[in-house]
Amino acid sequence: MAAFPVPGSRRRIRRAHVIAAGCAMALCTTVAAPAAADGGTTTATATAKPTIVLVHGAFADASSWNRVVERLERHGYTVIAPANPLRGLYNDSTYIASVLDSIKGPIVLVGHSYGGALISSAAAGNPRVKSLVYVAALMPDVGESGMSLAARFPSELDTATKSVPYRAGGGLSGTDLYLKPDRLHQVFAADLPESTTRLMAVTQRPAATTAFSEKAKVAAWKHIPSWFLVAKQDKTINPDQERFEAKRAGSHTVEIDSSHVAMIAHPEAVTDLVLQAATAAESARPMLPDTGSRAESALTGIAAASLIAGTGAVLLGRRLRRPTP
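Converting from the sequence shown to this note's numbering requires adding 396 to each position, the first position being numbered 1.
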């Protein structure tokens with residue numbers, strides 16, 4: 397004779413399934429919760445904007461970046477334009493590297509003229525430097541110097557400088573290079589008003605000859621993505637040298653009709669190039685969904701919880717269906 401469940405047993409079975417399903421949901425939530433605990437989001441990890449460091453070149457100072465700084469700050473970037481000592485490639489690149497060490501998070505490093513040689517050295521071995529930007533700049537390979545590159549690609553700079561011996565503390569001495577005031581406009585900044593270039597001639601900062609004679613020991617552009625602005629009217633660095641450097645490095649390259657001081661004469665074009673490099677630096681650390689061990693653990697836990705809850709529901713149902721004595 398077949399046994400039938402006692403009255404109310406069907407309701408108990410349905411309740412058992414509901415309870416089991418609820419347990420499964422609770423277990424799933426508990427197991428999956430750690431995946432959402434990192435940073436308070438289950439789908440993405442926020443990425444900070446890089447700090448943009450602007451390194452000036454010879455015969456100039458950090459104020460040469462003023463118009464670019466203003467534009468970058470309007471786009472929400474933190475910008476630093478340190479004073480380049482202009483005492484020599486080894487000394488100056490070590491100093492710039494120390495500035496980079498003081499910065500937290502990703503960095504976009506920008507160099508104008510001789511500043512390009514510095515960023516190529518200062519960025520070496522620093523994983524936080526995500527992009528390099530060269531503005532009418534030197535970009536030497538290992539074993540090259542500013543002088544050796546200029547010998548291959550002559551410019552008018554040789555005839556536009558004068559040498560002045562200097563003395564420093566500790567018995568140090570050397571030779572500084574200045575731009576001749578009557579040549580600065582033509583060679584350095586032909587697309588700026590002469591009233592401006594007269595002031596630049598008076599306030600220029602000289603560079604020691606070692607800035608151009610010391611050979612590069614490293615070349616960070618071989619390992620870090622680079623962008624290059626070629627100034628087609630440059631008389632200080634031969635535009636063909638700039639093209640050669642950019643092509644050799646595989647740089648993202650733009651060319652504009654500008655004198656050597658493109659960041660002063662054409663700040664919008666320079667800013668646009670720096671923003672490209674900054675955007676790429678942000679994309680290098682994209683906002684990605686949680687993957688890997690944490691997500692896999694969560695999914696495994698969900699599957700296990702579902703299996704346990706389902707099995708419990710079946711066993712409970714069978715128990716409730718047992719025939720009465």
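Ideal Cβ positions, reconstructed from N, Cα and C, are used throughout, including at glycine.
Query, Result
"Where are the alpha helix (DSSP H) runs, 4 residues long or more, that stay fully inside the stretch 447-521, in chain order?", "462-470, 485-497, 510-518"
"Comparing C-alpha positions only, which one of Val-465, Ala-444, Arg-483 sits nearest to Gly-453?", "Arg-483"
"DSSP puts Leu-671 in a beta bridge; with which residues?", "Answer by DSSP bridge pairing: none, since Leu-671 is not bridged."
"Whole angstroms are fine: how far does the CA of His-662 sit from the CA of Val-495?", "27 angstroms"
"Do Ser-509 and Ala-533 have their CB atoms nearer than 8 angstroms?", "yes"
"DSSP puts Trp-623 in a beta bridge; with which residues?", "Val-529, His-648"
"Nearest-angstrom Cα distance between Asp-636 and Ser-460?", "24 angstroms"
"Taking the CB atoms as reference points, tell me whether Ala-677 and Val-529 lie closer together than 8 angstroms.", "no"
"Going residue by residue through the stretch 567-629, where are the continuous alpha helix (DSSP H) segments of at least 4 residues, counting only ones entirely within it?", "577-584, 590-599, 606-609"
"Report the residue from Ile-660, Val-531, Pro-589 whose alpha carbon sits nearest the alpha carbon of Leu-669.", "Val-531"
"Here's the rule I'm using: 16 or more other beta-carbon atoms within 10 Å means buried, otherwise exposed. How should Pro-550 be labelled?", "exposed"
"For Gly-570 and Thr-605, I'd like the C-alpha separation in whole angstroms.", "8 angstroms"
"Mind checking Asp-554: buried by the 16 CB within 10 Å criterion, or exposed?", "exposed"
"Compute the distance between the beta-carbons of Ala-627 and Ile-660, then report whether it is under 8 angstroms.", "no"
"Can you grab the Cα-Cα spacing for the pair Leu-468 / Gly-567, in whole Å?", "42 angstroms"
"Taking DSSP's pairing of strands, which residues face Arg-563 in a bridge?", "Ser-569"
"Going by other Cβ atoms of all chains shown within 10 Å of its Cβ, with 16 needed for buried, is Asp-578 buried or exposed?", "exposed"
"Measure how close the beta-carbons of Trp-617 and Ala-597 come, nearest whole angstrom, since I'm counting them as under 8 angstroms.", "The Cβ separation is near 32 angstroms, so there is no contact."
"Identify, in the order they occur along the chain, each residue of the same chain with its Cβ nearer than 6 angstroms to the Cβ of Pro-621, setting aside the five sequence neighbours on each side.", "Ser-527"
"With a 10 Å radius around its C-beta and 16 neighbouring C-beta atoms as the bar for buried, classify Val-538 as buried or exposed.", "exposed"
"If we ignore side chains and look at the alpha-carbon of each, how far apart do Glu-540 and Glu-638 end up?", "14 angstroms"
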